[in-house]
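Residue numbers for the sequence shown, in my numbering: 241 to 593.
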Amino acid sequence: MKQTLWLKVNSRKPDIEKVQVAADIIRKGGLVAFPTETVYGLGADALNYEAVLELFEAKERPLDNPPIVHVENISDVHKLADQVPPKANRLMKEFWPGPLTLVFKRSERVPSVTVAGLETIAIRMPQHAVALALIEESNCPIAAPSANLAGRPSPTSAKHVFDDLNGRIDAILDGGSTRIGVESTVLDLSVNPPQVLRPGGTPLEALRKVLGDVKLHPFVIAEKELPMEKVRSPGMKHKHYAPNAEVIVVEGAISAVIAKVKDLAEAYRLKGVKVGVLATDETMANYQVAIVRSLGSRYNLAVIAQNLFKLLREFDAEGTHVVIAEGVPTEGLGLAVMNRLRKASGYNIVKAE
Ligand code: TXA
Ligand code: MG
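Here is the structure:
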């Protein structure tokens, strides 16, 4: 077991000595968790084969699911990617640093483990002073999947990282709670029109404003498990974001959703099951039977995204057996929220009518 160092830093003006301690660890092939604007990442030197292999082991992540490589300047993209199409230049200019990951044809320089044997590489520039300082001081691109055990909800605080990875990693840079709360949008530019492989912090609507036509990969909007041959992003096929509790998502018009959630919660309560409801500010007063938590106002999807993973973890901490979640609109950040909720439920979706 490793001794995991906890380094508290100011999220806007990170303490340079502490960042240097963390950067030393990265340079020597170690593992450091760090905050980004989306979720916490678990970082290793992207060009160090052994370090990236250890990264997979620490998370218990399947070796066929590559991490995102994080950079702090655009010239590194040209070192990691073989081709940078004009569309990518427009997107980087518009959205970086920020929650948008772009998939490029990869350079031979990148170790195969970093890209899980694929011919492509996923790259982003995070919009967070701690992340950028860490990459700069480490003097290398940093491979960083979300800093959770594989399959668990992504961490939005240092405490979440600690709960999953204490003793498995060398250090945690604690820069407080993350601002966006869901992961970056993953966009594939190798197809025409470009295709969103994972909805996230950069809304589809914003991408369409810049690129015109952008499609959603069928997995993104799936309401059930799709056949594996359709997989383009390896992350699509693995179990994701799931708390220990069983999750049920109830979708439909809001009044019908409330009625359905009440029915289901009552049925479980009568069976003696510890049931929780994941509601919103406007609806939570309707539910008396259960542990009720609000994601925030239905009219503020940014706040809902911020709270999602934290609340899923809280239900687990309370020993909830079943979580019944209200669906939210799939516009803006709502598309990412619903994608995570549906996956967390294993596509256990109930349509309320
Ligand atoms: O916001 C984020 O993206 C966070 C923070 C830490 O930056 N990172 C993150 O990494 O969510 P991770 O590893 O948990 O998710 C990476 C996603 C996976 O779904 C993976 O399959 C996909 O990106 N991916 C990575 N490389 C890819 C590639 N070459 N082609 C297609 N998808 C790829
Ligand atoms: Mg992840």
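All C-beta atoms, glycine included, are put in the ideal place defined by N, C-alpha and C.
Do residue i and residue j have their C-beta atoms closer together than 8 Å?
{"i": "P325", "j": "L429", "result": "yes"}
{"i": "G516", "j": "F459", "result": "no"}
{"i": "G269", "j": "P385", "result": "no"}
{"i": "V501", "j": "E558", "result": "no"}
{"i": "I314", "j": "T341", "result": "no"}
{"i": "I266", "j": "L320", "result": "no"}
{"i": "P369", "j": "H310", "result": "Correcting the residue type first, residue 369 is Ala in the shown sequence and not Pro. For A369 and H310, no; Cβs fall outside 8 Å."}
{"i": "A597", "j": "V497", "result": "It is not possible to answer for residue 597, since the shown part of the chain is limited to 241 through 593."}
{"i": "R438", "j": "T418", "result": "no"}
{"i": "R538", "j": "V568", "result": "yes"}
{"i": "E445", "j": "G572", "result": "yes"}
{"i": "L245", "j": "A411", "result": "yes"}
{"i": "P504", "j": "I488", "result": "Per the sequence shown, the amino acid found at residue 504 is Leu instead of Pro. Yes, Cβ-Cβ distance for L504 and I488 is below 8 Å."}
{"i": "K591", "j": "H561", "result": "no"}
{"i": "E359", "j": "K345", "result": "yes"}
{"i": "E312", "j": "I375", "result": "yes"}
{"i": "P339", "j": "G440", "result": "yes"}
{"i": "P474", "j": "N305", "result": "yes"}
{"i": "G357", "j": "F549", "result": "no"}
{"i": "L271", "j": "I409", "result": "yes"}
{"i": "L389", "j": "L405", "result": "yes"}
{"i": "G512", "j": "E593", "result": "no"}
{"i": "D322", "j": "S352", "result": "no"}
{"i": "E423", "j": "Q367", "result": "no"}
{"i": "K299", "j": "G407", "result": "no"}
{"i": "E506", "j": "V529", "result": "yes"}
Quick check on DSSP: helix, strand or coil for residue i?
{"i": "G206", "result": "Look at the range of the chain in this structure, 241 to 593, and you will see that residue 206 is not part of it."}
{"i": "L389", "result": "coil"}
{"i": "A482", "result": "coil"}
{"i": "R533", "result": "strand"}
{"i": "I375", "result": "helix"}
{"i": "V563", "result": "strand"}
{"i": "L247", "result": "strand"}
{"i": "A462", "result": "coil"}
{"i": "K345", "result": "strand"}
{"i": "R438", "result": "strand"}
{"i": "D521", "result": "coil"}
{"i": "K591", "result": "strand"}
{"i": "Q367", "result": "coil"}
{"i": "Q546", "result": "helix"}
{"i": "D453", "result": "coil"}
{"i": "L552", "result": "helix"}
{"i": "A493", "result": "coil"}
{"i": "A584", "result": "helix"}
{"i": "A362", "result": "strand"}
{"i": "V515", "result": "strand"}
{"i": "A321", "result": "strand"}
{"i": "V487", "result": "strand"}
{"i": "A383", "result": "strand"}
Please go through the same chain and pick out, in chain order, the residues whose beta-carbon is closer than 6 Å to the beta-carbon of residue i, but skip the five residues on each side of it.
{"i": "Y481", "result": "P393, R580, K583 and A584"}
{"i": "A387", "result": "A273, Y280, G281, L282, P395 and V401"}
{"i": "G415", "result": "V249, S251, P275 and V370"}
{"i": "A383", "result": "A284, A286, V292, P307, V309 and T354"}
{"i": "A373", "result": "P254 and V259"}
{"i": "E377", "result": "V259, Q260 and A263"}
{"i": "M524", "result": "V532 and S534"}
{"i": "A398", "result": "I412 and D414"}
{"i": "A288", "result": "Residue 288 is actually Asn in this sequence, not Ala. Same-chain partners within the cutoff: G269."}
{"i": "T570", "result": "M578"}
{"i": "L596", "result": "Any property of residue 596 remains undetermined from this structure, which presents the chain solely from 241 to 593."}
Counting only the same chain and skipping the five closest in sequence on each side, list residues whose C-beta sits under 8 Å from that of residue i.
{"i": "I520", "result": "Note that residue 520 is Thr in the sequence shown, not Ile. Excluding sequence neighbours, T520 sits near S534, L535, G536, S537, R538, I544, E566 and V568."}
{"i": "M332", "result": "I314, V317, L342 and M365"}
{"i": "V563", "result": "P483, A485, E486, V487, I488, V515, G516, V517, L518, L552 and F555"}
{"i": "A499", "result": "A592"}
{"i": "K327", "result": "L429, P434 and L451"}
Sorted by chain position, which residues of the same chain lie with C-beta nearer than 7 Å to residue i's C-beta, five sequence neighbours on each side aside?
{"i": "H457", "result": "Q435, V436, L437 and R472"}
{"i": "R448", "result": "V454"}
{"i": "F296", "result": "L303"}
{"i": "Y508", "result": "V515 and V562"}
Should residue i be flagged as near chain D, meaning a C-beta pair shorter than 8 Å?
{"i": "Q243", "result": "Here chain D cannot be found, since the structure has a single protein chain."}
Where are the alpha helix (DSSP H) runs, 4 residues long or more, that stay fully inside the segment 254-317, in chain order?
Contiguous alpha helix (DSSP H) elements confined to the segment 254-317 occur at 256-267 and 289-299, taking only those with 4 or more residues.
Would you list the residues whose beta-carbon is nearer than 6 Å to any heavy atom of ligand 2, in the order they occur in the chain?
Chain-ordered list of matching residues: P385, S386 and S394.
Completely contained alpha helix (DSSP H) runs for the segment 390-431, where each covers 4 or more residues:
The segment 390-431 contains these whole alpha helix (DSSP H) runs: 398-405.
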